[in-house]
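Quick notes on the structure that follows.
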Amino acid sequence: MGKLLYSAAMSLDGFIAGPGGDMGWLAPYTGEASADELAAEVGALLVGRRTFSGDDPYRGTEGEGKAFGGGWDGPQVVLTRRPAPAAVPGVTFCSSLEEGVAAARAAAGEKTVNVLGASVGRVCVEAGLLDEVEVLVMPVLLGGGVRLFERPGPPVRLELVAQQGTSLRYRVLR
368 MGKLLYSAAM
378 SLDGFIAGPG
388 GDMGWLAPYT
398 GEASADELAA
408 EVGALLVGRR
418 TFSGDDPYRG
428 TEGEGKAFGG
438 GWDGPQVVLT
448 RRPAPAAVPG
458 VTFCSSLEEG
468 VAAARAAAGE
478 KTVNVLGASV
488 GRVCVEAGLL
498 DEVEVLVMPV
508 LLGGGVRLFE
518 RPGPPVRLEL
528 VAQQGTSLRY
538 RVLR
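The sequence shown maps to residues 368 to 541 in our numbering.
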């Protein structure tokens with residue numbers, strides 16, 4: 368079974384989306400940051416509903432509406448409390464974390480399940496399911512928006528396992 372990896376591009380001041388979920392801030396940096404290595408290890412996505420339906424950093428480009436800007440194609444599992452929309456090819460909608468993680472792991476096989484969205488990352492940490500966190504720090508200060516992790520409670524201990532440029536990967540210690 369593959370690992371659960373929460374990944375995000377993040378501003379230097381800790382935000383993965385701007386105010387109101389704005390992802391337009393990332394557009395100037397998408398050419399600088401390659402997610403090819405990450406995309407190659409991903410077998411399925413576990414995505415929050417806001418992330419799935421939200422702003423697209425690739426808006427107006429050929430990568431719009433595609434995971435990793437078109438650098439990856441495969442099964443997606445979307446966690447949602449709202450009724451699922453009409454069928455979307457390659458997308459499964461689940462209402463519980465347990466159901467969503469099981470579906471994403473089954474779809475990924477031995478490959479990595481890439482967790483996208485701050486809320487889903489947080490609940491995976493709280494449930495003790497998250498194996499790793501990868502953050503690509505971007506050279507910008509947003510000043511507000513959606514934080515990488517916004518949670519009260521005890522600290523979550525991490526161990527650095529890889530660093531390449533401003534990309535940092537940590538193992539979640541249990």
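For every residue, glycine included, the Cβ atom is placed at its ideal position computed from N, Cα and C.
C-alpha gap between residue i and residue j, whole angstroms
i, j, result
"P452", "L446", "12 Å"
"L413", "L535", "20 Å"
"M368", "L540", "18 Å"
"A411", "A474", "6 Å"
"G385", "G476", "33 Å"
"E408", "K478", "6 Å"
"R449", "N481", "22 Å"
"A494", "R472", "16 Å"
"L527", "S420", "32 Å"
"A529", "L379", "18 Å"
"L525", "F516", "13 Å"
"G467", "G520", "24 Å"
Opening and closing residue of the beta strand (DSSP E) in which residue i lies
i, result
"T418", "No beta strand (DSSP E) holds T418; the alpha helix (DSSP H) holding it covers R416 to S420."
"A384", "F382 to A384"
"Y537", "S534 to V539"
"V523", "Neither: V523 is in no beta strand (DSSP E) and is coded neither H nor E."
"M377", "L371 to S378"
Burial state of residue i, where buried means 16 or more other Cβ atoms lie within 10 Å
i, result
"L371", "buried"
"S463", "exposed"
"R489", "buried"
"A443", "It is worth fixing the name first, because residue 443 is Gln in this sequence and not Ala. The residue is buried, with at least 16 neighbouring Cβ atoms inside 10 Å."
"E404", "exposed"
"A469", "exposed"
Limits of the alpha helix (DSSP H) - the one that residue i falls within
i, result
"L405", "D403 to E408"
Whole-Å CB distance - residue i paired with residue j, under 8 Å assumed
i, j, result
"W392", "V487", "Actually they do not touch by this definition, with Cβ atoms about 21 Å apart."
"A375", "V502", "6 Å"
"T533", "V504", "4 Å"
Uninterrupted beta strand (DSSP E) stretches inside the segment 426-486 (no shorter than 3 residues): Runs found: 443-446, 458-461 and 479-483.
Extract the residue ranges of the beta strand (DSSP E) inside the segment 486-514, only unbroken runs of 3 or more that lie entirely within it. 499-505
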